[in-house]
Every structure is written in structure tokens, then in C-alpha cells.
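Residues in the sequence shown are numbered from 699 upward in steps of one, following the working numbering.
Accompanying notes for the structure given below.
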Amino acid sequence: LMSEDGTLTIPERVTKIGEGAFSNLEGLKTIIIPGTCKEIAQNAFRNNPTLETVIMEDGVEKIGVYAFRECTNLTTVEMPDSITEVGSSCFMDNSKLENVKLSNNIKIINDQVFFGCTKLNNIELPENLEQIGTECFEQTNITEIKLPKNLQTLSSGSSLPQKLQTIDTSENNYFEFKNGILYTKDLKTLVFALSNITSVNMEESVETISSAAFEKCSYLTSINLTSKVRSIGESAFNNSKLSRITVSSGNNYFSVDERYNLYNKD
699 LMSEDGTLTI PERVTKIGEG AFSNLEGLKT IIIPGTCKEI AQNAFRNNPT LETVIMEDGV
759 EKIGVYAFRE CTNLTTVEMP DSITEVGSSC FMDNSKLENV KLSNNIKIIN DQVFFGCTKL
819 NNIELPENLE QIGTECFEQT NITEIKLPKN LQTLSSGSSL PQKLQTIDTS ENNYFEFKNG
879 ILYTKDLKTL VFALSNITSV NMEESVETIS SAAFEKCSYL TSINLTSKVR SIGESAFNNS
939 KLSRITVSSG NNYFSVDERY NLYNKD
């Protein structure tokens, strides 16, 4: 099936590429997948370090878990809008991947899809996207992102890139970005903070700090919990350098001692 120049053309009679079918294929450079092939199963093209180009024609619907993981020479991926599902860790550790066009009909970007894609510096999220999984963009180089209209669920603070400098929520119905912090639209949940902040002045309306909300804030040294904060998620301050925590008067849920140790009220 593979030509001398490393091009693999999948025949149109194929409706599914099976698990691990073309993993570890020596000399593979280009893949052409026809629209008659509806599914690319897990690990289908995993660990092909010479792979440079993937062409998926309109009609392909599903890409499985780890399908293109460790294809370390892959630079560009373009998906037709027929694709509705991309499996977890699909493009993980593709260290040369720079350009990605996602299908507009993907509603969920699963966990760790682009984890370790260190050269990925720009991505346009699908217009119908509703959910982003954990560590989806971990170790990427993305600094700006626009949240589409219907995106309503971030699995945790680790769902967004750690190098973000700005988040555009102008068209989104569920989130609000203010002063380096992403909140839910009602400003009751603090979802994510940019990694370069050193201190936090959160909105007075905040009741919940989400899991891993400040996990990427390695320069964070102080924080004040406002009067309505009642819940702090798992690993909310992991990796920070907090040396001072204060609690606003009137908070009925938390207190601090003279060494700035944080306790629940009892």
C-alpha cells in the first residue's frame, strides 16, 4: 500500500482502520484517508516518527485514542467537518505540530489530545465546541484563545494552556475573563488564572474556586479569599508559592491563623 516516497493511500473500500494497523511503520511520510473510511481506531498510526502529512477526506467521522501519538515529525493536521470525535491523547507528544484545523462539529476535546505538542502556538476552537478535557493543551505554546459561543464545561483549570496571556470570551455564553482570571458568567466560580499573576483580587461574588484554578501560577505569592468563598477545589494552589493567605471579614467558611495557615471555620 505504501509507495516509494512514503505515501500511504488507504483504498476507498476500507471503512475502518483497525487498532494499531499502521503503528511503527518504517518510512511512512504521508497518509491519505478517503471519506469512505469512517473510523480510525486507537493507536492506528502511533509512533511513526517520519510521518509529516495527514490528509483526511470529508466523510471520516471518528479518530481513536492515541491514533497519532508520538508522530514526532508531524507538523500540520487538517480535519474535515465530518469528524465528530477525537480520542484522548490522539496527538500527544507530537513535538513539531504547529498548525491544527479542528472539525467544527467536534463538541468535546478529550483529555490530553494535544499534550506535549510544544510547538503548537495557535488553535481555533470549533464553533460547536461544548467541553474541553483535562490537560488538553498542556505543554503547548498557545498564548491566546477564543472561547466559542457554546463552550460551557472546562474539566478543571488544567484544561487551558499554561502559557495563556489572554482569553477572548466576547462571544461565549458561559464564561467571563477579567483581570487575568476566567470566571463563570455569573462571577460565582473562579475557573482559571493566568500563569503570570503574582497576587489575586478576586470578584466579591466568588463562592467557588475550581480544581487546579491556580495550578499554573508558579509566581503566585498571596491571595485574599473574599467574603462569599465557601469551596476550594482539589489542587487549586498546586505549584504556587503562596506565603500569605488572608480572608475577608464576614466569611463564614474559612479563617487563617497568625502564620497564614488556612482552616475551615471550625
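Just so it is clear, CB atoms sit at the ideal spot from N, CA and C, and this is done for glycine as well.
Quick caveat: nothing in here was measured; it's all calculated off a predicted structure.
Taking 8 Å as the cut-off, the Cβ atoms of residue 935 and residue 945 do not count as close. Taking 8 Å as the upper bound for CB-CB distance, residue 906 and residue 886 are in contact here, some 7 Å apart. For residue 831, the CB contacts under 8 Å within the same chain, skipping 5 residues up- and downstream, are 786, 806, 807, 808, 809, 810, 811, 853, 857 in chain order. When C-alpha distances from residue 864 are compared across 925, 845, 729, 782, the shortest belongs to 845. Inside the segment 738-762, DSSP marks whole beta strand (DSSP E) runs of 3 or more residues at positions 751-754, from first to last along the chain. In this structure, DSSP gives residue 857 a helical state, which the three-state scheme calls helix.
Residue 707 sits in a strand when the DSSP states are folded into three classes.
Of the candidates 829, 933, 942, the residue whose Cα lies closest to the Cα of residue 873 is 829. Here DSSP, grouped into helix, strand and coil, assigns residue 845 to coil. Assignment of residue 851 by DSSP, reduced to helix, strand and coil, places it in the strand class. Within the segment 921-950, complete beta strand (DSSP E) segments of at least 3 residues are found at 942-945, given in chain order.
In this structure, the alpha-carbon of residue 819 lies about 14 Å from that of residue 775. CA-CA distance, residue 711 to residue 933, rounds to 49 Å.
Counting only the Cα atoms, residue 947 lies some 17 Å from residue 898. Of the residues 930, 958, 925, 927, the one whose Cα lies closest to the Cα of residue 941 is 958. Taking the Cα positions, residue 914 is about 20 Å away from residue 960. A direct Cα-to-Cα measurement between residue 950 and residue 925 gives close to 7 Å.
Apart from sequence neighbours up to five positions away, the residues of its chain that approach residue 825 with a beta-carbon distance below 6 Å are 802, 846, ordered along the chain. When DSSP reads this structure, residue 715 sits in a beta bridge with 738. For residue 902, the closest alpha carbon among the candidates 833, 790, 747, 881 is that of 881. From the listed residues 755, 781, 740, 778, the smallest Cα separation to residue 767 is found for 740. In terms of Cα proximity to residue 827, the closest of 814, 851, 834, 840 is 851.
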